[in-house]
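Engineer:
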Amino acid sequence: MENSAIVVGDAGAAPICVRRLSKRYDARQVLNDVSLSIEPGSVLGLIGRNGAGKSTLIRTMLGLIEPDIGTAEIFGERALAMSDRAKERLAYVPQQPDALAWMKVGTMLDYVARFYPTWDADFARNMLDRWQLPRDALLGKLSPGERQRIDLVRALAIRPQLLVLDEPAAALDPAARRELLAEIAVRAADAGTTVLFSTHIVSDLERVASRIVFLHQGRVLLDAPADEIKERFARLIVPKDAVTSDKLAVELHRRKLSDGSAALVIERQPGADWPEIAYVPGARLEILGLEDLFVEVAQ
Amino acid sequence: MDASLLLIQPAAPEPIYRQIVGQLRRMIASGQLAPGDLLPSVRDVAGQHAINPMTVSRAYSLLESEGALERLRGKGMAVAATHRRIQPEDKRMQLIDLHLRELARQARELELPSEPILRRLGELLEDQE
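What follows is the structure, given as structure tokens:
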């Protein structure tokens, strides 16, 4: 049992595997019993409101924060004591990069290149041009957006097997965001790169993610393949006289409406019919886009 | 076929793989894609539209299992040679049925009688010619 959670298929250890993570800051429970295993080659989109615990989860996954309870592994190694070999296969872009602020852009990239056998210097050069980033500027003098774009170039040029991006969209205009997403898609297709990225821009997830995880108040509220979400979840408006007092087994979320009816988010198994309650007289079923689903369950 | 000819709407209620399946089915049914025509590679579609490659593979596999596409060794996916160039009318009607049902549903919601709807639909169909 223990092993089957770590080893995925024949591709060896899962790039990321965390079990039962909990983390508390003072009185606030930031992570609450989070378990996730990310299969090689998947693009996992982590979504949640501000303060849902996304950054803490990512940093705990990577061994940058020690959890109160639970374990985190990267390529089968303890995240808190990762070997250099595991580190070489990994690139991480934090939400607000601040390392090496005293270096110039070009110097920093040349410096980082020496640690990574897979470094792609042509790619780094091209991206700096494309995103109009100055090689000669001091990192510390750049705007937060430019600083994060430089860090994205750094992370992508490593050609890592595991790419972890914390809110990468924040620093990018729509055209550059699309370029980044296309790059992620092509890396996944060509090299089977595993990607984990957090965002609150839902349309980015709908495009490129193969799996979507909603984090809400430190818990995993929903975890499903991206292709199935629209077929598995729906909003059901149940008329007043059919509203049950008990929570239904298929019910993910419930919101009472002013007229006594209720808006439920319900789930069905892939390929199965909607549960019986969807067919009571007066009930209305609405297929939700990811954004509406997110807003509905995150209130 | 060029990957950019597909129209991907991530926010639509229909999952992306179904959007791809639906468009390719219609293109094949109408003869816009002929037997033997090559489809863009999974990588090209994924890169062009910034969508997950597994989503594209899933759409192609579905069409392959239906017999609409076939895998040519070394060349990738192509419209199946055995697929008749233009499907009979009842088959093509099936492909549009879902959209007609949706139209009917919305017309009922708006409590519109069928006459003006059919008239308008007739106009739109004529327009295209």
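Chain order of the listed sequences is A and B.
According to the numbering used here, numbering within the first sequence proceeds without interruption in unit steps and concludes at 471.
According to the numbering used here, numbering within the second sequence proceeds without interruption in unit steps and concludes at 271.
For every residue, glycine included, the Cβ atom is placed at its ideal position computed from N, Cα and C.
Flag this pair as yes or no: are the beta carbons of A/E398 and A/G213 separated by less than 8 Å?
Structural biologist: What you label residue 398 of chain A is simply residue 226 of the first sequence in a count that begins at 1. What you label residue 213 of chain A is simply residue 41 of the first sequence in a count that begins at 1. Looking at the sequence shown, residue 398 of chain A is not Glu but Ala. For A/A398 and A/G213, no; Cβs fall outside 8 Å.
Engineer: So the candidates are A/I449, A/A296 and A/Q389; which of them puts its Cα closest to the Cα of A/D418?
Structural biologist: The sequence position of residue 418 of chain A within the first sequence is 246, counting from 1. The option with the nearest alpha carbon to A/D418 is A/I449.
Engineer: Can you have a look at A/R379 and say buried or exposed, based on whether 16 or more other CB atoms are within 10 angstroms of its CB?
Structural biologist: Against the first sequence, residue 379 of chain A aligns to sequence position 207. It counts as buried.
Engineer: Between the C-alpha atoms of A/T371 and A/L311, what's the straight-line distance to the nearest angstrom?
Structural biologist: As a working mapping, residue 371 of chain A is identified with position 199 in the first sequence. As a working mapping, residue 311 of chain A is identified with position 139 in the first sequence. Using only the alpha carbons, I get a separation of about 24 Å.
Engineer: Listing by chain order, which chain B residues have their CB less than 9 Å from the CB of A/I459?
Structural biologist: Taking the first residue of the first sequence as position 1, residue 459 of chain A is located at position 287. In chain order: P155 and E156.
Engineer: Measure the C-alpha to C-alpha separation of A/L352 and A/F287 and round it to an integer number of angstroms.
Structural biologist: Mapped onto the first sequence, residue 352 of chain A falls at position 180. Mapped onto the first sequence, residue 287 of chain A falls at position 115. Taking the straight line joining both Cα atoms gives about 24 Å.
Engineer: Near B/R200, what residues of its chain come up, given a Cβ to Cβ distance below 7 Å and the 5 sequence neighbours on each side ignored?
Structural biologist: Here residue 200 of chain B corresponds to residue number 58 of the second sequence, with the count starting at 1. Within the same chain, B/R200 has close Cβ partners Y159.
Engineer: Would A/D395 and A/I230 be called neighbours here (beta carbons separated by less than 8 Å)?
Structural biologist: Walking along the first sequence from the start, residue 395 of chain A turns up at place 223. Walking along the first sequence from the start, residue 230 of chain A turns up at place 58. For A/D395 and A/I230, no; Cβs fall outside 8 Å.
Engineer: Quick one: using the 10 Å Cβ neighbour count with 16 as the cut-off for buried, is A/A251 buried or exposed?
Structural biologist: In the first sequence, residue 251 of chain A corresponds to position 79, counting from 1. A/A251 is buried by the Cβ-count criterion.
Engineer: Tell me whether A/Q389 sits in a helix, a strand or coil according to DSSP, three-state version.
Structural biologist: On the first sequence, residue 389 of chain A is found 217 positions in, with the first residue counted as 1. Residue state, collapsed to three classes: coil.
Engineer: Leaving out five residues before and five after B/E268 in sequence, what residues of the same chain have Cβ atoms less than 6 Å from its Cβ?
Structural biologist: As a first step, residue 268 of chain B is located in the second sequence; it is residue number 126 there, counting from the start. Nothing meets the Cβ criterion.
Engineer: Quick one: using the 10 Å Cβ neighbour count with 16 as the cut-off for buried, is A/T366 buried or exposed?
Structural biologist: Counting from 1 along the first sequence, the entry for residue 366 of chain A is found at position 194. Flag for A/T366 reads buried.
Engineer: Put A/F287 into one of helix, strand or coil per three-state DSSP.
Structural biologist: Within the first sequence, numbered from 1, the residue matching residue 287 of chain A stands at position 115. Here A/F287 sits in coil by DSSP.
Engineer: Sorted by chain position, which residues of the same chain lie with C-beta nearer than 7 Å to A/R326's C-beta, five sequence neighbours on each side aside?
Structural biologist: As a first step, residue 326 of chain A is located in the first sequence; it is residue number 154 there, counting from the start. Closer than 7 Å at Cβ, skipping near neighbours: L281 and V284.
Engineer: What residues are listed by DSSP as bridge partners for A/F247?
Structural biologist: Locating residue 247 of chain A in the first sequence gives position 75, where the first residue counts as 1. For A/F247, which the question treats as bridged, DSSP gives no partner whatsoever.
Engineer: Listed in chain order, which residues of the region 342 to 354 of chain A have Cβ atoms closer than 7 Å to some Cβ of chain B?
Structural biologist: Answer set for the region 342 to 354 of chain A: R350, L353 and A354.
Engineer: Helix, strand or coil: which one does DSSP assign to A/V437?
Structural biologist: Taking the first residue of the first sequence as 1, we reach residue 437 of chain A at position 265. Strand, per DSSP.
Engineer: Report yes or no: is there a C-beta of chain B within less than 8 Å of the C-beta of A/R379?
Structural biologist: Position 207 of the first sequence, counted from the start, is the residue given in the question as residue 379 of chain A. Yes, its Cβ sits closer than 8 Å to a Cβ of chain B.
Engineer: Per DSSP, which one or two residues make a beta bridge with A/H425?
Structural biologist: For the purposes of this step, residue 425 of chain A is taken as residue 253 along the first sequence, with counting starting at 1. The partner list for A/H425 (beta bridge, DSSP) reads A/V437.
Engineer: When burial is assigned at 16 or more other CB atoms within 10 Å of the CB, is A/E238 buried or exposed?
Structural biologist: Indexing the first sequence from 1 puts residue 238 of chain A at position 66. A/E238 comes out exposed.
Engineer: Please report whether the beta-carbon of A/K419 lies at a distance below 8 Å from any beta-carbon of chain B.
Structural biologist: Locating residue 419 of chain A in the first sequence gives position 247, where the first residue counts as 1. By this cut-off, A/K419 is not an interface position.
Engineer: Looking only at its own chain, which residues have a Cβ that is under 8 Å from the Cβ of A/V385, when we skip the five neighbours before and after it?
Structural biologist: Locating residue 385 of chain A in the first sequence gives position 213, counting from the first residue. Within the same chain, A/V385 has close Cβ partners L208, L216, G217, L218, I219, V392, L394 and D395.
Engineer: What would DSSP say about A/M173, mapped onto helix, strand or coil?
Structural biologist: By one-based count along the first sequence, residue 173 of chain A stands at place 1. In this predicted model, A/M173 has a pLDDT of only 39, less than 50, meaning its place in the structure is not dependable; the value taken from the coordinates is given anyway. Three-state result, A/M173: coil.
Engineer: Using a Cβ-Cβ cut-off of 6 Å (strictly less than) and excluding sequence neighbours within five positions of A/R349, which residues of its own chain qualify?
Structural biologist: By 1-based counting over the first sequence, the position of residue 349 of chain A is 177. Excluding residues within five positions, the ones whose Cβ falls inside 6 Å are A341.
Engineer: I need the boundaries of the alpha helix (DSSP H) containing A/T228, first residue and last residue.
Structural biologist: The count along the first sequence starts at 1 and reaches residue 228 of chain A at position 56. Taken as a continuous stretch (DSSP letters only), the alpha helix (DSSP H) holding A/T228 covers K226 to M233.
Engineer: So, using beta-carbon positions, are A/E463 and B/A153 closer together than 8 Å?
Structural biologist: For the purposes of this step, residue 463 of chain A is taken as residue 291 along the first sequence, with counting starting at 1. For the purposes of this step, residue 153 of chain B is taken as residue 11 along the second sequence, with counting starting at 1. The answer is yes: Cβ separation under 8 Å.
Engineer: Output, in sequence order along the chain, the residues in the region 178 to 208 of chain B whose CB is closer than 8 Å to any CB in chain A.
Structural biologist: Residues passing the 8 Å Cβ filter: V184, R185, A188, G189, Q190, H191, A192, I193, N194, P195, M196, T197 and R200.
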